[in-house]
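For reference, the structure is listed below as C-alpha cells.
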Amino acid sequence: MRFWLELNQEKDYGQIPVLNQNGKAEFFIQGNLDNPNHTLYLNNFRKQEVGRLFSDGAGLIASFTIDVVNHSLVGVKKLNTPTANIFYLTQLKCIVTGSIKRGTYTFRSGIKSVASVQTIMGDRGGVLICDITKPEDVPFILLTSVLFTQWHVTPLKLPSFPPIGFEVNPN
Numbered sequence: 006m007r008f009w010l011e012l013n014q015e016k017d018y019g020q021i022p023v024l025n026q027n028g029k030a031e032f033f034i035q036g037n038l039d040n041p042n043h044t045l046y047l048n049n050f051r052k053q054e055v056g057r058l059f060s061d062g063a064g065l066i067a068s069f070t071i072d073v074v075n076h077s078l079v080g081v082k083k084l085n086t087p088t089a090n091i092f093y094l095t096q097l098k099c100i101v102t103g104s105i106k107r108g109t110y111t112f113r114s115g116i117k118s119v120a121s122v123q124t125i126m127g128d129r130g131g132v133l134i135c136d137i138t139k140p141e142d143v144p145f146i147l148l149t150s151v152l153f154t155q156w157h158v159t160p161l162k163l164p165s166f167p168p169i170g171f172e173v174n175p176n
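Just so you know, we're using this note's numbering here: the sequence shown kicks off at 6 and counts up by one.
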C-alpha cells in the first residue's frame, strides 16, 4: 500500500492529510512535537483516533511511544552507535536503516523490508511517500515517518516583501 503525506506551509487547519494510492484522504495527522508535552494524532476520515505518538521522556536521548488502538505500546528508540543513526521500533521488532536526513529509509524486520519511505519535493513542499507491505503496520510507519521528518526538516519561512515599485519607509 502506498501513502502520500504532503508537508507544506499552506493552511490545512492544523492537520496533514494522508492520501492513499487512489489519491483520497484516508487519514489525517494532527498536532506537533515542538514541545515535549505535545502529541501527534492519527485519525481516520471519520475523525476517530487510530493512534498517537508522544514523548515518553525517558533518558537523555529522546525516545517516543506509539499508542495504536487495539495494539500494545510500541517504542521508538535510538540505538547508540557511533557510526550510524539506527532506530528500533519495539514490539514490531523493526530496525530503520538508510538515511533519515536524506529522507530515504527502510523499516526492516530481519532482512525482510516491511516498509520504505522516500521524501521528494513537490509543487507545494516536501512529500513523504510511504510504501507499506502490511495493513497492520500503517499507523506505526506513518507516525514514525512524521516524527523523523520533524527531527530533520526545518519549515521554510520566507519574509514578506512589498511588491516591486513600492517604496517602504522603515520609520
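C-beta atoms are modelled at their ideal positions from N, C-alpha and C, and glycine is treated no differently.
Own chain, CB closer than 7 Å to residue i, minus 5 neighbours either side, in chain order
i    : result
F166 : Bear in mind that a pLDDT of 42 at F166, under 50, signals an unreliable position, so the number given afterwards is only what the model happens to contain. Nothing meets the Cβ criterion.
P144 : L47, V55, G56 and V73
Q26  : M6 and R7
S104 : Y110
Q53  : none
M126 : none
K20  : Lys is not the amino acid found at residue 20; the sequence shown has Gln there. Excluding residues within five positions, the ones whose Cβ falls inside 7 Å are F33, I34 and Q35.
CB-CB length for residue i against residue j, believed under 8 Å
i    : j    : result
F59  : L152 : Going by Cβ atoms, the distance from F59 to L152 rounds to 10 Å, so no, they are not a contact pair.
V132 : W9   : 6 Å
F96  : V122 : Looking at the sequence shown, residue 96 is not Phe but Gln. With 8 Å as the limit, Q96 and V122 do not qualify as a contact, their Cβ atoms being about 19 Å apart.
S114 : K98  : 6 Å
Beta-carbon contacts of residue i that lie in its chain and below 8 Å, excluding the five residues immediately before and after
i    : result
L148 : I34, L45, L47, G56, R57, L58 and I71
F50  : A30, E31, F32 and F33
S150 : L10, V122, L133 and C135
Residue i - DSSP class collapsed to helix/strand/coil
i    : result
I100 : strand
D142 : helix
S114 : strand
V74  : coil
Q155 : helix
T95  : coil
L10  : strand
E172 : Interpretation of E172 is limited by its pLDDT of 47, a score under 50 that renders its predicted location unreliable; no figure is taken from the coordinates.
S121 : strand
S150 : helix
D136 : strand
R57  : strand
N25  : coil
K106 : coil
F50  : coil
G127 : coil
Proximity of residue i and residue j at Cβ, strictly below 8 Å
i    : j    : result
V101 : I116 : no
F112 : I146 : yes
T138 : T124 : no
G130 : L12  : yes
Neighbourhood of residue i by C-beta, 6 Å cutoff - its chain only, sequence neighbours within 5 removed
i   : result
Y93 : K82, L84 and I100
Neighbour flag for residue i against chain D, beta carbons, 8 Å
i   : result
L84 : Structure shown: chain D not included; a single protein chain is present.
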